[in-house]
Amino acid sequence: MASIEVTKDFPLSAGDVWSWIGDTGGVAAWIPAIDASRMDGDVRHVVFTDGAPARERIVAFDEEARTYSYEYIDGPLPLEHYRSTISVTAVGDDTCSVHWSAKFGAESATVETELATAIEGIYAAALDELATKAVPA
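Just so you know, we're using this note's numbering here: the sequence shown kicks off at 1 and counts up by one.
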């Protein structure tokens, strides 16, 4: 099993950042790798920038704790047992930290390593994009 973790601090309240992250169907607004996203019950449907669709199931959502977890159902990536959690934690009145982690398997250790590098890059780019969109200029 591979695991990745990406953390980014924001000069905003946890509530402000959660208003973006907690919108589980609106991830296309801040994840550059995703062109479209929507929810259908507890299933998130996304379309990647290359046009490939994927589905993820929201398996835990805690508004008060500002965290949720999701699992990969199907799509273009050869992931096995993928589970990811994203959370927003207040650091101060107007500062917070976002922590995004995932654990998953793949057909081989080589593929796991390649996927871990790619997914970590997607997470980091997404949090950078969120900072650009959410933080006032």
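Heads up, the beta-carbon is just placed ideally off N, CA and C, and yes, glycines get one too.
- Going by other Cβ atoms of all chains shown within 10 Å of its Cβ, with 16 needed for buried, is Glu63 buried or exposed? It is exposed - the Cβ of Glu63 has fewer than 16 other Cβ atoms within 10 Å.
- Message: If contact is defined by three or more beta carbon pairs under 8 Å, each pair taking one atom from either stretch, is the segment 12 to 29 in contact with the segment 104 to 124?
- Response: no
- Item | Where the alpha helix (DSSP H) through Ile119 begins and ends | 109 to 134
- Query: What is the DSSP secondary structure of Thr49, reduced to helix, strand or coil?
  - Reply: Thr49 sits in coil when the DSSP states are folded into three classes, being neither helix nor strand.
- Simplified DSSP state of Trp100, which is helix, strand or coil: strand
- Item | Test item: CB-CB of Tyr70 and Ile58 under 8 Å | Contact: yes.
- Task: Could you please give the first and the last residue of the uninterrupted beta strand (DSSP E) stretch that includes Asp9?
- Result: Where Asp9 is concerned, the enclosing beta strand (DSSP E) starts and stops at 2 to 10.
- Among all the DSSP beta bridges, which residues are the ones paired with Arg66? According to DSSP, Arg66 bridges with nothing at all.
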